[in-house]
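A.B. asks: All residue numbers for the sequence shown refer to UniProt numbering, where the first residue is 1 and numbers rise by one.
Ideal Cβ placement from N, Cα and C applies to all residues, glycine included.
Computed from a prediction, not measured in an experiment: that's the story for all the values here.
Dropping a structure here in structure tokens format, bear with me for questions.
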Amino acid sequence: MFMKRVGAAVGAAVLGFGSLTLASAAAYGAAPMPAAQFAATTGTASCSAGDALPASYVGEFAAKLQMTELLKPFESEVKSEANAGHFPWDKETVSTSASFTYTVTFPQGAQVGAAAVAESSSMIASVKESAVSPDGLTHTFKIKLNDVNWAQIYQGYQADLADPAAHTVDITIPYTAVVNTKDEAAPLEGAAVTATGSFSFYPSRTWGRLGIGLQTFAMDTASSPLAAGISALPCIAAEPTPPGPIDPPSPSEPTLFEQEGVLPGDLLGAVDSGAADTEHDAVAVAEGRSSVLALTGALYVDDIRQQMVAIEKQYSQTAPDFADIAISEADFSFTAALTLPVGMAFTDASKSAVFSGSADFEVSSVEVAGQVVTVKFALTDAAKEKVKTYGDLKAVVDAAQSPLQVTVSGVTFTADSTPDTEYTVTGEVSGRFSALASKSAATGGRDIRFAFTWNGEQKAGLEDAKAQDGITYTVKYKAEAPIDPTPDEPEPSKPEPNEPEPSKPEPTKPEPSKPQSAQPVTPKKGGLAATGTEGGVLALGATLFTLAGVAALRRRER
1 MFMKRVGAAV GAAVLGFGSL TLASAAAYGA APMPAAQFAA TTGTASCSAG DALPASYVGE
61 FAAKLQMTEL LKPFESEVKS EANAGHFPWD KETVSTSASF TYTVTFPQGA QVGAAAVAES
121 SSMIASVKES AVSPDGLTHT FKIKLNDVNW AQIYQGYQAD LADPAAHTVD ITIPYTAVVN
181 TKDEAAPLEG AAVTATGSFS FYPSRTWGRL GIGLQTFAMD TASSPLAAGI SALPCIAAEP
241 TPPGPIDPPS PSEPTLFEQE GVLPGDLLGA VDSGAADTEH DAVAVAEGRS SVLALTGALY
301 VDDIRQQMVA IEKQYSQTAP DFADIAISEA DFSFTAALTL PVGMAFTDAS KSAVFSGSAD
361 FEVSSVEVAG QVVTVKFALT DAAKEKVKTY GDLKAVVDAA QSPLQVTVSG VTFTADSTPD
421 TEYTVTGEVS GRFSALASKS AATGGRDIRF AFTWNGEQKA GLEDAKAQDG ITYTVKYKAE
481 APIDPTPDEP EPSKPEPNEP EPSKPEPTKP EPSKPQSAQP VTPKKGGLAA TGTEGGVLAL
541 GATLFTLAGV AALRRRER
């Protein structure tokens with residue numbers, strides 16, 4: 001199928017692998033594939049606001065190739081190749097199915113967008129954009145047949161014949177064209193977008209590997225206007241309007257330089273008159289419910305210095321008088337807000353705050369509202385007086401410590417709080433600096449109004465031990481130790497005698513006994529001598545008592 005004339009020396013060999021004669025190949029090669037009828041451009045031309053130049057044309061190239069219509073002039077040859085069991089080998093590698101190529105070219109002056117492709121043909125495996133020229137004006141596409149022999153391709157061809165318009169290869173490319181003067185309109189309107197293509201294949205793989213027998217069939221060429229009707233636009237066709245009076249220049253306004261930024265911050269606490277701590281490693285612990293805390297907001301201002309360096313580079317990298325630029329209307333302030341959780345409260349001591357880190361700033365206001373205390377600190381009046389130049393302002397910033405700190409005292413736990421419960425305080429901080437720099441050689445002869453704003457974020461490495469978002473400080477207090485009741489004072493114990501005292505016998509009715517003669521009792525030697533008169537009396541009484549008990553026991557034994 002589709003054979004072109006090849007050299008007489010190889011003609012017979014090629015005929016051995018194809019189903020066409022050389023004469024018929026030459027004849028078929030003369031008829032292009034009818035692709036042009038399926039391509040066109042569309043779009044809209046318009047002037048700028050007020051019917052003014054420049055004018056523009058927003059358009060789109062669209063091709064909707066009906067593949068059955070492209071092959072219909074060669075249907076009998078396709079069928080012949082199918083009956084012969086041949087395969088359409090590609091010209092690039094002679095290893096897979098052949099492809100149609102389709103090339104769209106835009107004229108100079110067009111700004112071409114990205115192409116989109118799609119296919120719904122039973123014969124086509126894929127459509128891809130294979131090349132774009134360096135200037136972006138020429139786009140080439142490969143339309144690959146299914147990787148099957150001619151018999152199966154012919155089956156797909158027959159299936160699509162019932163509705164060719166529903167089985168297409170679609171290529172769309174958006175573009176724009178702009179006309180800045182009337183003289184540009186006519187050439188642009190006369191320019192055309194063109195599209196054409198071809199189909200090449202080897203009937204024989206063996207000869208194809210030798211580069212012999214390639215069959216190529218061209219498509220006819222589509223040509224559509226790039227910017228139809230653009231010359232008829234009012235901004236191009238109308239006579240020019242004579243210039244009116246020149247408006248007086250408006251009063252020059254200062255150039256506004258605005259910048260938002262982020263400053264690192266942290267929240268510290270001092271518990272029970274201890275040192276301020278960021279509790280990065282562990283949650284802070286107070287001794288008890290009656291403990292008093294001092295909370296400190298810290299703001300790291302190193303980035304402000306870097307921003308000022310950036311200003312110097314942007315507006316005067318080399319001017320030696322930059323430091324002498326006059327500064328007025330300076331406003332430099334920060335606001336810190338601390339919010340307590342339920343279970344904690346501010347006291348009267350919290351209605352004032354202590355600032356540290358710069359002699360040029362001071363606390364300007366402290367406001368306690370429920371669980372929130374808001375502290376503002378700003379330039380002192382003395383600092384405002386001395387800031388007359390950019391150099392003065394830079395000196396104030398350079399002298400400030402980093403961090404700047406503001407401390408609120410008198411924070412307590414409420415009666416409703418509970419021990420061993422974590423209470424998290426949250427902090428927010430923001431800042432603002434604005435000033436007017438008067439025009440000078442260093443500012444390029446213009447007034448510049450600077451306006452910086454900052455918001456704080458938790459400084460890395462100092463985060464709350466309790467992982468959570470924001471600038472926070474977490475504390476808890478210990479439970480009170482239980483109080484033991486005071487025991488009753490013990491009764492003094494009686495001293496134990498050296499010899500146990502015999503207990504008194506229970507009284508019993510005396511049994512009649514025979515009278516006995518009285519026995520003489522000899523007192524123990526040394527008793528009185530050892531203890532004195534009182535000791536002797538006691539010893540004598542104890543001896544008599546003992547003898548009486550012994551006598552009673554003997555009577556029982558009888």
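How many angstroms separate the CA atom of TYR300 from the CA atom of PRO403?
C.D. replies: Within the sequence shown, the letter at position 300 stands for residue 300. Within the sequence shown, the letter at position 403 stands for residue 403. Using only the alpha carbons, I get a separation of about 4 angstroms.
A.B. asks: To the nearest angstrom, how far is the alpha carbon of SER350 from that of ALA382?
C.D. replies: Taking the sequence shown and counting its residues from 1, the one referred to as residue 350 is at position 350. Taking the sequence shown and counting its residues from 1, the one referred to as residue 382 is at position 382. Between SER350 and ALA382, the C-alpha separation is close to 27 angstroms.
A.B. asks: CB-CB under 7 angstroms to VAL537, same chain, minus the five flanking residues each way: which ones, in chain order?
C.D. replies: Along the sequence shown, one-based indexing puts residue 537 at 537. Residue placement at VAL537 cannot be trusted, given a pLDDT of 38 that sits under 50; what the coordinates show is reported in the next sentence. Cβ neighbours of VAL537 beyond the five flanking positions: none.
A.B. asks: Between the C-alpha atoms of GLY410 and GLY261, what's the straight-line distance to the nearest angstrom?
C.D. replies: As a working note, residue 410 is residue 410 in the sequence shown. As a working note, residue 261 is residue 261 in the sequence shown. Their Cα atoms are separated by approximately 32 angstroms.
A.B. asks: If you run the structure through DSSP and keep just helix, strand and coil, what is VAL78?
C.D. replies: Your numbering for residue 78 matches position 78 in the sequence shown. The answer is helix: DSSP assigns VAL78 an H, G or I state.
A.B. asks: In its own chain, which residues sit with a C-beta less than 6 angstroms from the C-beta of THR96, not counting the 5 before and 5 after it?
C.D. replies: Stepping through the sequence shown from its first residue, residue 96 is reached at position 96. Cβ neighbours of THR96 beyond the five flanking positions: ASP90, ASP147.
A.B. asks: Would you check whether the ligand MN has a heavy atom nearer than 7 angstroms to the C-beta of ARG305?
C.D. replies: The ligand MN is absent from the structure shown, which contains no ligands of any kind.
A.B. asks: Tell me the DSSP secondary structure of PRO390 in three-state form.
C.D. replies: Within the sequence shown, residue 390 is the residue found at index 390, counting from 1. The residue you asked about is not Pro; residue 390 is Tyr in the sequence shown. Helix at TYR390.
A.B. asks: Does the segment 176-189 come into contact with the segment 105-118, if we say contact requires no fewer than three beta-carbon pairs (one atom in each stretch) closer than 8 angstroms?
C.D. replies: Short answer: they touch.
A.B. asks: Closest by CA to GLU329, which one among ALA125, LYS388, SER121?
C.D. replies: Within the sequence shown, numbered from 1, the residue matching residue 329 stands at position 329. Answer by Cα proximity: LYS388.
A.B. asks: May I ask you to report which of helix, strand or coil DSSP gives MET123?
C.D. replies: If you number the sequence shown from 1, residue 123 lands on position 123. DSSP places MET123 in coil when its eight states are reduced to three.
A.B. asks: So, are the CB atoms of PRO34 and ASP220 less than 8 angstroms apart?
C.D. replies: To locate residue 34, count along the sequence shown from 1; it is residue 34. To locate residue 220, count along the sequence shown from 1; it is residue 220. Yes; because the gap between Cβ atoms is below 8 angstroms, this pair is in contact.
A.B. asks: Do the CB positions of ASP183 and THR68 come within less than 8 angstroms of each other?
C.D. replies: In the sequence shown, the residue the question calls residue 183 occupies position 183. In the sequence shown, the residue the question calls residue 68 occupies position 68. Result no, Cβ atoms of ASP183 and THR68 do not sit closer than 8 angstroms.
A.B. asks: Would you list, in sequence order, the uninterrupted beta strand (DSSP E) runs of no fewer than 3 residues that lie entirely inside the segment 48-95?
C.D. replies: Complete beta strand (DSSP E) runs here, min 3: 52-66.
A.B. asks: What three-state label does DSSP hand ILE327 in the structure shown?
C.D. replies: By 1-based counting over the sequence shown, the position of residue 327 is 327. Strand at ILE327.
A.B. asks: Output the distance between the C-alpha atoms of SER364 and SER333, rounded to the nearest integer angstrom.
C.D. replies: Working through the sequence shown from its first residue, we reach residue 364 at position 364. Working through the sequence shown from its first residue, we reach residue 333 at position 333. Distance between the alpha carbons of SER364 and SER333: 9 angstroms.
A.B. asks: Pull the bridge partners of LEU267 from the DSSP assignment, please.
C.D. replies: In the sequence shown, the residue the question calls residue 267 occupies position 267. LEU267 is bridged to GLY297.
A.B. asks: Please state whether the Cβ-Cβ distance between LEU226 and ALA192 is less than 8 angstroms.
C.D. replies: Within the sequence shown, the letter at position 226 stands for residue 226. Within the sequence shown, the letter at position 192 stands for residue 192. Going by C-beta atoms, LEU226 is nearer than 8 angstroms to ALA192.
A.B. asks: Counting beta carbon pairs with one atom in the segment 281-301 and one in the segment 472-479, are three or more of them shorter than 8 angstroms?
C.D. replies: Yes: at least three Cβ pairs fall under 8 angstroms.
A.B. asks: Once DSSP output is grouped into helix, strand and coil, what is the label at GLY274?
C.D. replies: By one-based count along the sequence shown, residue 274 stands at place 274. Residue state, collapsed to three classes: coil.
A.B. asks: Find the nearest neighbour of ASP277 within the set GLY50, ALA40, PRO73, TYR473, judged by alpha-carbon distance.
C.D. replies: Locating residue 277 in the sequence shown gives position 277, counting from the first residue. The residue with the shortest Cα to Cα distance from ASP277 is TYR473.
A.B. asks: Which ranges would you report for the beta strand (DSSP E) in the segment 153-228 if only whole runs of at least 3 residues count?
C.D. replies: Segments of the beta strand (DSSP E) lying fully in the segment 153-228: 168-179, 192-201, 215-218, 222-225.
A.B. asks: Return the first residue and the last residue of the alpha helix (DSSP H) that ALA31 is part of.
C.D. replies: The sequence position of residue 31 within the sequence shown is 31, counting from 1. That residue, ALA31, is in no alpha helix (DSSP H); it is neither H nor E in DSSP.
A.B. asks: DSSP state of VAL285, grouped into three classes?
C.D. replies: By 1-based counting over the sequence shown, the position of residue 285 is 285. VAL285 falls in the strand class under three-state DSSP.
A.B. asks: Rounded to whole angstroms, what is the Cα-Cα separation between residue 569 and ALA270?
C.D. replies: Nothing in the structure corresponds to residue 569, since the chain is present only between 1 and 558.
A.B. asks: Between the segment 339-353 and the segment 384-401, do three or more beta carbon pairs fall short of 8 angstroms?
C.D. replies: At 8 angstroms Cβ cutoff, the stretches do not touch.
A.B. asks: Would you report the Cα separation of ALA31 and THR181, rounded to the nearest angstrom?
C.D. replies: Start at 1 with the first residue of the sequence shown, and residue 31 comes out as number 31. Start at 1 with the first residue of the sequence shown, and residue 181 comes out as number 181. Straight-line Cα distance between these residues: approximately 44 angstroms.
A.B. asks: On the three-state DSSP scale, how would you describe GLU385?
C.D. replies: Along the sequence shown, one-based indexing puts residue 385 at 385. GLU385 falls in the helix class under three-state DSSP.
A.B. asks: Express the C-alpha separation of THR194 and PRO107 in angstroms, rounding to a whole number.
C.D. replies: For the purposes of this step, residue 107 is taken as residue 107 along the sequence shown, with counting starting at 1. For the purposes of this step, residue 194 is taken as residue 194 along the sequence shown, with counting starting at 1. Rounded to whole angstroms, PRO107 to THR194 spans 9 angstroms at the Cα level.
A.B. asks: Start and end of the alpha helix (DSSP H) containing ALA435?
C.D. replies: Counting from one through the sequence shown, the residue named residue 435 turns up at place 435. Looking at the DSSP string, ALA435 is not in any alpha helix (DSSP H); the run it does join, the beta strand (DSSP E), is 423-437.
A.B. asks: Quick one: what does DSSP say GLY410 is sitting in, helix, strand or coil?
C.D. replies: Along the sequence shown, read from residue 1 onward, the residue named residue 410 stands at position 410. DSSP places GLY410 in strand when its eight states are reduced to three.
A.B. asks: Between the Cα of GLY229 and the Cα atoms of VAL408, VAL285, PHE141, SER46, which residue gives the shortest distance?
C.D. replies: Within the sequence shown, the letter at position 229 stands for residue 229. Here the closest residue by C-alpha is SER46.
A.B. asks: TYR102: buried (16+ other C-beta within 10 angstroms of its C-beta) or exposed?
C.D. replies: Along the sequence shown, read from residue 1 onward, the residue named residue 102 stands at position 102. TYR102 is buried by the Cβ-count criterion.
A.B. asks: Helix or strand or just coil, what does DSSP make of GLN307?
C.D. replies: Within the sequence shown, numbered from 1, the residue matching residue 307 stands at position 307. Note: GLN307 maps to helix in three-state DSSP.
A.B. asks: Are PHE452 and GLN307 touching if we call contact CB-CB under 8 angstroms?
C.D. replies: The residue labelled residue 452 in the question sits at position 452 within the sequence shown. The residue labelled residue 307 in the question sits at position 307 within the sequence shown. Contact: yes.
A.B. asks: Between which two residues does the alpha helix (DSSP H) containing GLY236 stretch?
C.D. replies: If you number the sequence shown from 1, residue 236 lands on position 236. A quick correction: the sequence has Ile, not Gly, at residue 236. Looking at the DSSP string, the run of the alpha helix (DSSP H) that includes ILE236 is 234-237.
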